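For reference, the structure discussed in these notes is given below.
Protein chains: 2
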Amino acid sequence: MATSGTLRAVHVDELPTPAAIIDADAFEANLIAMSAVHPGARLRPHVKAHKSTAIAARQAGAGHRTFTVATPREALGLAAAGLGDDILIANEVVDPRRLAAVAALHADDHPHHANVTLAVDSEATIDAAATAGVAACVIDVNVGLPRCGCDPADAGRFASVARARGLIVRGVMGYEGHLMMVEDRNRQRDDVEAAMTILVGAHADVGGDIVSAGGTGTYDLHDATGITELEAGSYALMDSHYASLGLPFVQALFVVGTIISVHATHAVADVGLKALGMDHGNPTMIGGDVWYLSDEHITFTPAGGAAVGDRIRVIPAHIDPTMAMHEAAWLVRRDEVLERWAIDLRGWD
Amino acid sequence: MATSGTLRAVHVDELPTPAAIIDADAFEANLIAMSAVHPGARLRPHVKAHKSTAIAARQAGAGHRTFTVATPREALGLAAAGLGDDILIANEVVDPRRLAAVAALHADDHPHHANVTLAVDSEATIDAAATAGVAACVIDVNVGLPRCGCDPADAGRFASVARARGLIVRGVMGYEGHLMMVEDRNRQRDDVEAAMTILVGAHADVGGDIVSAGGTGTYDLHDATGITELEAGSYALMDSHYASLGLPFVQALFVVGTIISVHATHAVADVGLKALGMDHGNPTMIGGDVWYLSDEHITFTPAGGAAVGDRIRVIPAHIDPTMAMHEAAWLVRRDEVLERWAIDLRGWD
Chain A
1 MATSGTLRAV
11 HVDELPTPAA
21 IIDADAFEAN
31 LIAMSAVHPG
41 ARLRPHVKAH
51 KSTAIAARQA
61 GAGHRTFTVA
71 TPREALGLAA
81 AGLGDDILIA
91 NEVVDPRRLA
101 AVAALHADDH
111 PHHANVTLAV
121 DSEATIDAAA
131 TAGVAACVID
141 VNVGLPRCGC
151 DPADAGRFAS
161 VARARGLIVR
171 GVMGYEGHLM
181 MVEDRNRQRD
191 DVEAAMTILV
201 GAHADVGGDI
211 VSAGGTGTYD
221 LHDATGITEL
231 EAGSYALMDS
241 HYASLGLPFV
251 QALFVVGTII
261 SVHATHAVAD
271 VGLKALGMDH
281 GNPTMIGGDV
291 WYLSDEHITF
301 TPAGGAAVGD
311 RIRVIPAHID
321 PTMAMHEAAW
331 LVRRDEVLER
341 WAIDLRGWD
Chain B
1 MATSGTLRAV
11 HVDELPTPAA
21 IIDADAFEAN
31 LIAMSAVHPG
41 ARLRPHVKAH
51 KSTAIAARQA
61 GAGHRTFTVA
71 TPREALGLAA
81 AGLGDDILIA
91 NEVVDPRRLA
101 AVAALHADDH
111 PHHANVTLAV
121 DSEATIDAAA
131 TAGVAACVID
141 VNVGLPRCGC
151 DPADAGRFAS
161 VARARGLIVR
171 GVMGYEGHLM
181 MVEDRNRQRD
191 DVEAAMTILV
201 GAHADVGGDI
211 VSAGGTGTYD
221 LHDATGITEL
231 EAGSYALMDS
241 HYASLGLPFV
251 QALFVVGTII
261 SVHATHAVAD
271 VGLKALGMDH
281 GNPTMIGGDV
291 WYLSDEHITF
301 TPAGGAAVGD
311 RIRVIPAHID
321 PTMAMHEAAW
331 LVRRDEVLER
341 WAIDLRGWD
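If you read the protein sequences in the order shown, they are chains A and B. Everything in the first sequence is counted per our numbering, starting at 1 for the first residue and increasing by one. Everything in the second sequence is counted per our numbering, starting at 1 for the first residue and increasing by one.
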């Protein structure tokens with residue numbers, strides 16, 4: 001880690017714990033693997049998975065300068081980092097203050113000028129966007145996941161409403177989130193194609209250049225679905241949940257802990273549930289079997305010897321909320337810390 | 001909310017969402033209910049549950065000026081807020097830099113002078129504390145929860161080792177965390193008494209004035225256990241997990257969301273799993289049945305009508321990690337926002 005005033009290399013074991021670390025080789029391999037299948041604007045990386053402009057900049061460096069985000073905060077942060085060529089807020093937003101902040105980015109003289117497109121799925125969300133002066137939208141279409149997204153039969157009508165309110169309608173999006181974890185790949189491919197038939201049908205009613213869908217779990221099932229771009233985020237860092245699918249992306253994010261207590265039956269390290277997204281259940285460990293987590297503890301059976309002060313590595317079950325719990329992640333190659341990447345898009349304001 | 005330059009009252013519906021809000025009446029009732037049973041230094045409020053010096057200051061105002069914390073960060077923050085009379089880090093710490101920062105607080109001329117006591121449970125943790133110059137410790141004793149804490153038979157020996165290294169040994173602590181959620185109260189009382197017999201026995205070998213134990217779930221079971229102080233944190237804000245026990249503390253923390261999408265079968269609001277601790281499972285809702293959560297969404301069946309823009313209230317399943325996900329909580333009385341309380345003890349550095 002080249003900090004000012006010193007050229008001394010920092011060893012990963014010198015990091016204060018719990019520490020989110022990113023394996024540089026694994027991260028770069030993941031970017032290359034995804035870019036090979038979805039080069040350039042065929043991939044719209046989802047920033048919610050990492051919430052870091054430093055990581056987004058690496059994705060831009062791999063050729064992807066269009067981004068997906070889940071919150072206005074993420075859009076504003078990308079814009080401030082000079083990554084605002086084409087940001088899609090793939091979520092409905094009705095907060096007038098935040099919509100106004102997003103709309104303001106569109107002005108040519110805004111210091112963080114950016115092109116932001118907002119998902120809408122109802123007259124109310126179109127009204128909120130238009131009232132705030134948001135320039136462009138996509139129609140969010142329900143392709144089977146019971147969450148946001150309009151009835152496909154309403155998509156054309158909403159596009160007309162949006163255009164009548166002065167919005168540019170750039171196309172459609174539809175997230176097949178209910179199909180991400182289907183383990184039978186043939187069935188998954190069939191289901192994805194059926195879901196995308198719905199989306200492409202809605203697109204015929206809506207118009208525009210964008211048909212946006214997908215995620216890491218379906219990244220290779222869209223050859224013939226007619227989408228113009230894939231939204232995927234988890235591929236860059238991965239987690240134990242997605243690892244179960246056997247995708248070509250490798251684990252790049254770990255949370256490092258320090259053992260603080262050792263007993264005949266178990267050991268305890270300082271990686272707790274405030275340092276890990278727990279909605280997908282317990283994390284896994286390298287060299288240990290997890291018993292349970294507490295706020296600041298992981299209690300586990302070590303595979304080999306364990307001593308107070310030893311370091312352990314934990315693989316989060318779900319990276320998105322895990323990243324949101326840390327102020328920074330450290331880029332590490334073998335045992336050397338190369339960089340500190342701020343997780344600077346956390347929170348909502 | 002009395003912000004500078006305006007006397008206009010802010011309505012809770014004007015808060016940007018997701019918003020952590022604290023019901024002022026419920027919060028104050030909880031402080032009164034706990035103080036009635038454990039007045040003054042009989043309660044050592046656990047700050048990990050809320051991570052806010054503003055809330056700790058209210059607990060101090062209710063007569064409790066001794067605090068329990070889980071991290072050096074929490075101790076340093078309390079000290080900086082002038083709440084450093086007597087802080088117990090009820091956890092093992094071996095990070096030399098953080099231990100040195102904690103030890104430095106002890107100097108009379110430190111601008112944030114504080115008295116900090118550290119839990120130790122092994123020769124290695126004693127060595128780390130002594131090497132860093134930490135002034136005082138308690139011996140952490142295993143009373144049945146398989147986590148940190150030494151074998152009770154070793155407590156006296158570790159006390160001697162600590163004293164030989166120059167540490168003041170203030171007594172013992174032992175957390176009966178495995179007994180917090182026992183639903184049969186008679187069985188729970190018996191089990192707590194048995195666990196505390198272990199702790200009091202260790203105290204006889206250790207000496208000192210402190211026998212520290214307990215939590216919200218066992219707050220009323222320590223009449224005859226011999227402890228000198230109760231460590232409890234959840235009582236102030238509560239969550240749906242503890243609510244199942246039928247304690248006299250009432251729900252004071254809610255996360256407010258805004259409905260962004262409405263369908264025939266469900267609605268969606270902007271409170272997701274990045275705004276809620278999920279290790280105890282899904283939150284509950286007032287006026288709705290929760291289907292599932294995504295990063296920024298809660299999908300639910302509304303009990304009555306639902307419209308885009310409507311507000312909903314979610315009861316977290318576990319407050320400790322929930323508070324750690326928010327930058328601030330808003331104190332609310334009926335519909336008026338009274339104050340913004342920073343959750344300023346988040347993170348680890």
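Quick reminder that beta carbons are idealized off the backbone N, C-alpha and C, glycines included. These figures come from a predicted structure and were not determined experimentally.
Given a length threshold of 3 residues, each whole run of the beta strand (DSSP E) inside the segment 95-134 of chain A is given here in chain order: 116-120.
Judged by DSSP in its simplified three-state form, B:Arg170 adopts strand. Against A:Asn115, chain B offers no close residue; the least beta-carbon distance is about 22 angstroms (beta-carbon pairs closer than 7 angstroms). Across the segment 164-183 of chain B, CB contacts with chain A closer than 8 angstroms involve Gly177, in sequence order along the chain. Listed along chain A is no residue with a C-beta nearer than 9 angstroms to that of B:Ala159; the closest approach is about 17 angstroms.
When the five nearest sequence neighbours on each side are left out, the beta carbons in the same chain lying within less than 6 angstroms of the beta carbon of A:Asn115 are those of Asp86, in order along the chain. With the criterion set as a beta carbon lying under 8 angstroms from some beta carbon of chain A, the members of the segment 95-124 of chain B are Asp95, Arg97, Arg98, Asp121, Ser122, Ala124, in sequence order.
Residue A:Gly309 holds the alpha-carbon nearest to the alpha-carbon of A:Ser261 among A:Val143, A:Glu14, A:Gly309, A:Asp191. Counting every other CB atom within 10 Å of its CB across the protein chains shown gives B:Gly82 a total below 16, marking it as exposed. Chain B places no beta carbon closer than 8 angstroms to that of A:Ser212, leaving this residue out of the contacts. The DSSP-derived three-state label of B:Glu339 is strand.
Residue burial annotation: B:Ala153 is exposed, with fewer than 16 other C-beta atoms found within 10 angstroms of its C-beta. Taking the CA atoms as reference points, B:Gly40 sits about 18 angstroms from B:Met173. Within the same chain, and ignoring the five residues on either side of B:Ala33 in sequence, the residues whose Cβ sits closer than 8 angstroms to its Cβ are Tyr235, Pro248, Phe249. The CB of A:Pro16 comes closer than 9 angstroms to the CB of Asp95, Arg97, Arg98, Trp348, Asp349 in chain B, given here in chain order. Taking one beta carbon from each stretch, the segment 284-297 of chain A and the segment 310-323 of chain A have 3 or more pairs nearer than 8 angstroms; the two touch.
DSSP, read as helix, strand or coil, puts B:His326 in coil. In chain order, Val94, Ala124, Ala128 make up the part of chain A whose C-beta sits under 9 angstroms from the C-beta of B:Gly309. With its beta carbon less than 8 angstroms from one in chain B, A:Val268 belongs to the interface.
By the Cβ test, the segment 250-257 of chain B is not in contact with the segment 205-217 of chain B, since fewer than three Cβ pairs between them sit closer than 8 angstroms.
At the C-beta level, B:Ala129 and B:Leu118 come within 8 angstroms of one another. For the pair A:Ala329 and B:Val206, the Cα-to-Cα distance works out to about 42 angstroms. Comparing alpha carbon positions, the residue from B:Asp95, B:Ala36, B:Ile55 closest to A:Pro16 is B:Asp95. Chain B places no beta carbon closer than 8 angstroms to that of A:Leu237, leaving this residue out of the contacts.
Not a single C-beta of chain B is nearer than 8 angstroms to the C-beta of A:Asp13. By the beta-carbon neighbour count (other beta carbons within 10 angstroms, threshold 16), A:Asp140 is buried.
Under the three-state reduction of DSSP, A:Ser212 is assigned to strand.
Not a single C-beta of chain B is nearer than 8 angstroms to the C-beta of A:Ser244.
Bounds of the alpha helix (DSSP H) holding A:Ile32 are 24-37. Scanning B:Asp239, B:Val169, B:Thr225, B:Lys274 for the CA closest to the CA of B:Gln188 turns up B:Thr225. Under a 10 Å Cβ-count criterion, A:Asn186 is classified as exposed, with fewer than 16 other Cβ atoms of the shown protein chains found around its own Cβ.
Here B:His11 is exposed, its C-beta having fewer than 16 other C-beta atoms within 10 Å. When rounded, the separation of the alpha-carbon atoms in A:Asp127 and A:Ala79 is 24 angstroms. Ranked by Cα distance from A:His241, the first of A:Ile343, A:Val182, A:Leu331, A:Thr265 is A:Val182. Our two residues, B:Gly233 and B:Glu176, have alpha carbons roughly 14 angstroms apart in a direct line. When DSSP reads this structure, B:Ile315 sits in a beta bridge with B:Thr284.
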